[in-house]
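Participant:
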Amino acid sequence: MAQTPVLADLGHERFVSLTTFRRSGEPVPTPVWVLPDGRALVVSTPAGAGKLKRIRNDPRVTLQACDRRGKVDAGAPLVEGTAEIITDSAASEAVSRRLEGKYGLEFRIFSIVEWVLRWGNSDRVVLRITPTP
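Numbering-wise, the sequence shown is residues 2 to 134 according to our numbering.
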C-alpha cells in the first residue's frame, strides 16, 4: 500500500514538527528528522525522551513540515497519526544509518554532541508513525 501524498512529502522534508499530547491534552511540538518507511514515517529519538512517556499515554500525534527551530508555516498540511514505539536495537541502528545517509555531516555532528551530553548513553528508540485513516 502506497503512502498518502502528504505523508510521502513529509518523509522527504528536512524537519518535521512532531506533536505529542500531555495527559491534559496540551500539545507538545518537537522538531525532528524523519524518514519514509513504507506506508509510515520513522523518527529516531533518545530512549529517555519526554515524548516517549507522552506517546505511551496517548499514541496520537500530528506532523507538519517545519524549519530547524520547529516553526511551521501557515497553511502547512497537517497529518494526524498514531505512533508506535520500537525498542529493537537492530531497528534503531538501521534507522540511524538511513538518517546519516539523508542528513550526512549534520547527523554525525549531532550524534557526537548528543553522546557527550548524555555521558556516553546513546540508546535510541524508533517511532513508527502511521497516518490515521
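C-beta: ideal position from N, C-alpha, C; glycine also. Since this is a predicted model, take the numbers as computed values, not measurements.
1) Using C-beta distances below 7 Å, list every residue in its chain close to Met2, excluding the 5 sequence neighbours before and after it, in chain order.
2) How many Å lie between Arg129 and Arg69 at the Cα?
3) Is it buried or exposed for Ser25, if we count other Cβ within 10 angstroms and need 16 for buried?
4) With contact counted as at least three CB pairs below 8 Å, one residue from each stretch, are the segment 50 to 61 and the segment 89 to 103 in contact?
5) Might you give, ordered along the chain, the residues of its own chain that have their beta carbon closer than 8 Å to the beta carbon of Pro28, omitting 5 neighbours on each side?
6) From Val80 to Val114, what does the alpha carbon distance come to, in whole angstroms?
7) Could you check if Thr46 is buried or exposed, using at least 16 other CB atoms within 10 Å of its CB as the buried criterion?
8) Output the distance between the C-alpha atoms of Val117 and Pro134, rounded to the nearest integer angstrom.
9) Is the beta carbon of Ser97 less than 8 Å from the beta carbon of Val126?
10) Would you decide whether Ala91 is buried or exposed? Buried here means 16 or more other CB atoms lie within 10 Å of its CB.
11) Taking the alpha carbon of Pro78 as the reference point, which residue from Asp38, Gln65 and Thr88 has its own alpha carbon closest?
12) Please go through the same chain and pick out, in chain order, the residues whose beta-carbon is closer than 8 Å to the beta-carbon of His13, but skip the five residues on each side of it.
13) With a threshold of 7 Å, establish whether the CB of Thr88 neighbours any heavy atom of the ligand FMN.
Facilitator: Let me lay it out:
1) Bear in mind that the predicted position of Met2 carries a pLDDT of just 44, short of 50, making it too unreliable to give a figure here.
2) One C-alpha to the other measures close to 21 Å.
3) When all chains shown are included, Ser25 counts as exposed.
4) Too few Cβ pairs lie closer than 8 Å, so no.
5) Sequence-distant partners of Pro28 (beyond 5 residues in either direction) whose C-beta falls short of 8 Å from its own C-beta, in its chain, are Thr20, Thr21, Phe22 and Thr63.
6) Whole-angstrom Cα-Cα distance: 31 Å.
7) A residue is called buried once 16 or more other Cβ atoms fall within 10 Å of its Cβ, and Thr46 is buried on that count.
8) If you draw a straight line from the Cα of Val117 to the Cα of Pro134, it is about 41 Å long.
9) Not closer than 8 Å, so no.
10) Exposed, by the Cβ-count rule.
11) Comparing Cα positions, the closest option is Gln65.
12) Pro37, listed in sequence order.
13) In the structure on display, the ligand FMN does not appear, and there are no ligands present to speak of.
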